[in-house]
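K.L.:
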Amino acid sequence: MEVIICPNAQRVGEVAAAKAARIAGPIGPKVVLGVATGSSPVQTFAELARLVDAGELDVSEASAFALDEYVGIPEGHPESYHEIIRKTVTEPMHLDPSRVHVPNGFADDLAAACVAYEDAIRAAGGVDIQFLGVGSNGHIGFNEPTSSLSSRTRIKTLAARTREDNARFFDSIEQVPRHCLTQGLGTIMDARNVILVATGSGKAHAIAQVVEGPITAMYPGSVLQLHQHATIVVDADAAAELSLADYYKETYANLPDWQRLDV
Ligand code: GLP
Numbered sequence: 710m711e712v713i714i715c716p717n718a719q720r721v722g723e724v725a726a727a728k729a730a731r732i733a734g735p736i737g738p739k740v741v742l743g744v745a746t747g748s749s750p751v752q753t754f755a756e757l758a759r760l761v762d763a764g765e766l767d768v769s770e771a772s773a774f775a776l777d778e779y780v781g782i783p784e785g786h787p788e789s790y791h792e793i794i795r796k797t798v799t800e801p802m803h804l805d806p807s808r809v810h811v812p813n814g815f816a817d818d819l820a821a822a823c824v825a826y827e828d829a830i831r832a833a834g835g836v837d838i839q840f841l842g843v844g845s846n847g848h849i850g851f852n853e854p855t856s857s858l859s860s861r862t863r864i865k866t867l868a869a870r871t872r873e874d875n876a877r878f879f880d881s882i883e884q885v886p887r888h889c890l891t892q893g894l895g896t897i898m899d900a901r902n903v904i905l906v907a908t909g910s911g912k913a914h915a916i917a918q919v920v921e922g923p924i925t926a927m928y929p930g931s932v933l934q935l936h937q938h939a940t941i942v943v944d945a946d947a948a949a950e951l952s953l954a955d956y957y958k959e960t961y962a963n964l965p966d967w968q969r970l971d972v
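The following block contains the structure:
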């Protein structure tokens with residue numbers, strides 16, 4: 710795992726985007742992106758859009774796969790992940806909407822929609838760069854604590870804490886759906902590169918568990934310790950409970966030239 714501690718949230722977005730651009734460059738315009746909702750990656754996507762507009766990143770033929778979607782919220786609803794991905798990823802990066810995929814949480818047959826989603830990822834050749842946030846309970850995607858570490862896209866019941874965390878986007882907690890479709894931890898682990906971003910003190914405990922805790926389904930993001938190319942980009946607040954923070958800072962400050970990010 711590469712852990713990069715940044716002074717603030719804006720820098721987190723810049724560093725995560727620079728890392729993604731470094732990976733995407735050699736892959737070319739057909740790069741396959743795994744994209745996340747939530748507030749965490751918004752700055753990263755904005756910075757990627759800036760790189761696209763500046764001609765420094767070509768995603769003109771890229772595909773994208775979202776991590777998850779609520780069950781029972783129609784596509785046009787402002788809190789549907791379809792809508793959020795359209796606003797934060799598809800439009801700013803000028804992606805072809807027909808190549809941007811979100812699990813269909815409004816399907817009549819949800820189990821079949823999950824299988825179809827896994828098939829679509831496979832047909833696209835797999836995800837090159839998976840962006841992730843992390844829930845305050847350590848979830849990635851909507852893989853709540855006790856999720857199978859090898860799970861695939863499936864229906865999940867949201868944890869009470871996740872519904873409380875996400876209630877801020879709805880008029881009341883009763884409106885937050887109880888179910889979702891989410892890529893599994895096994896699906897996420899198949900991505901060739903993973904970039905997780907987190908900011909704020911509310912994520913400090915989850916980040917410490919994900920990066921330095923035992924690999925456990927109780928903190929599902931900890932499965933990333935088994936990933937060969939996982940980068941964790943956090944601000945100082947989200948890094949507050951990391952016991953090896955000084956080591957991560959020293960490592961980043963002394964990267965050899967060929968590994969340095971141009972930010
Ligand atoms: C949401 C999403 C996750 C996201 C997490 C944190 O519910 N399903 O993909 O990473 O919870 O959200 P935020 O970045 O807003 O804190």
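Heads up, the sequence shown is in my numbering, so the first residue is 710 and it goes up one at a time. The C-beta atom is built at its ideal place from N, Cα and C for all residues, glycine as well. Source: prediction; values computed, not measured.
Going by alpha carbons, who is nearest to residue 781 out of 825, 741, 886, 923?
P.N.:
886
K.L.:
Does the segment 846-864 come close enough to the segment 756-763 that 3 or more CB-CB pairs lie under 8 Å?
P.N.:
no
K.L.:
Roughly how far, in whole angstroms, is the beta-carbon of residue 755 from the beta-carbon of residue 812, given that I think they are within contact range, below 8 Å?
P.N.:
No, residue 755 and residue 812 are not in contact; Cβ-Cβ is about 24 Å, not under 8 Å.
K.L.:
Of the residues 899, 925, 930, 777, which one's Cα is nearest the Cα of residue 836?
P.N.:
899
K.L.:
Given a threshold of 16 other Cβ atoms within 10 Å of its Cβ, counted over all protein chains shown, does residue 728 qualify as buried or as exposed?
P.N.:
buried
K.L.:
Quick check: residue 893 and residue 862, are their CB atoms within less than 7 Å of each other?
P.N.:
yes
K.L.:
How many angstroms separate the CA atom of residue 757 from the CA atom of residue 816?
P.N.:
31 Å
K.L.:
Within 6 Å: the Cβ of residue 890 and any heavy atom of the ligand GLP?
P.N.:
no
K.L.:
With a threshold of 8 Å, are at least 3 pairs of Cβ atoms found where one atom belongs to the segment 907-923 and the other to the segment 940-951?
P.N.:
With the cut-off at 8 Å, the segment 907-923 and the segment 940-951 touch.
K.L.:
Buried or exposed for residue 721, please, with buried defined as at least 16 other CB atoms from any protein chain shown within 10 angstroms of its CB.
P.N.:
Classification for residue 721: buried.
K.L.:
Using 7 Å as the threshold, is the C-beta distance between residue 718 and residue 944 below it?
P.N.:
yes
K.L.:
Enumerate in chain order the residues of its own chain whose CB-to-CB distance from residue 684 is below 6 Å, with the five nearest sequence positions on each side excluded.
P.N.:
Any property of residue 684 remains undetermined from this structure, which presents the chain solely from 710 to 972.
K.L.:
Which one or two residues does DSSP pair with residue 943 in a beta bridge?
P.N.:
For residue 943, which the question treats as bridged, DSSP gives the partners 714, 907.
K.L.:
Let's test the definition: count the other Cβ atoms within 10 Å of the Cβ of residue 834 and tell me whether it reaches 16, buried, or not, exposed.
P.N.:
exposed
K.L.:
Buried or exposed for residue 824, please, with buried defined as at least 16 other CB atoms from any protein chain shown within 10 angstroms of its CB.
P.N.:
exposed
K.L.:
Would you mind giving the Cβ-Cβ distance between residue 965 and residue 842, rounded to the nearest angstrom? I have them listed as a contact below 8 Å.
P.N.:
Not really, about 29 Å apart at Cβ, beyond 8 Å.
K.L.:
Based on the DSSP secondary-structure assignment, which residues constitute the bridge partners of residue 928?
P.N.:
925
K.L.:
Pick from 737, 959, 744, 960: whose alpha carbon is nearest that of residue 905?
P.N.:
744
K.L.:
Out of 733, 955, 840, 767, state which residue places its alpha-carbon closest to the alpha-carbon of residue 802.
P.N.:
767
K.L.:
Taking Cβ positions, are residue 878 and residue 800 nearer each other than 7 Å?
P.N.:
In this structure, residue 878 keeps its C-beta atom at 7 Å or more from the C-beta atom of residue 800.
K.L.:
Using only the heavy atoms of the ligand MG, determine whether one of them is closer than 6 Å to the beta carbon of residue 878.
P.N.:
Ligands present in the displayed structure are limited to the ligand GLP, and the ligand MG is not among them.
K.L.:
Helix, strand or coil: which one does DSSP assign to residue 774?
P.N.:
strand
K.L.:
Buried or exposed for residue 918, going by 16 or more other Cβ atoms inside 10 Å?
P.N.:
buried
K.L.:
Is there at least one non-hydrogen atom of the ligand GLP closer than 6 Å to the beta-carbon of residue 776?
P.N.:
yes
K.L.:
At a threshold of 6 Å, does residue 745 count as lining the ligand GLP (C-beta to nearest heavy atom)?
P.N.:
yes
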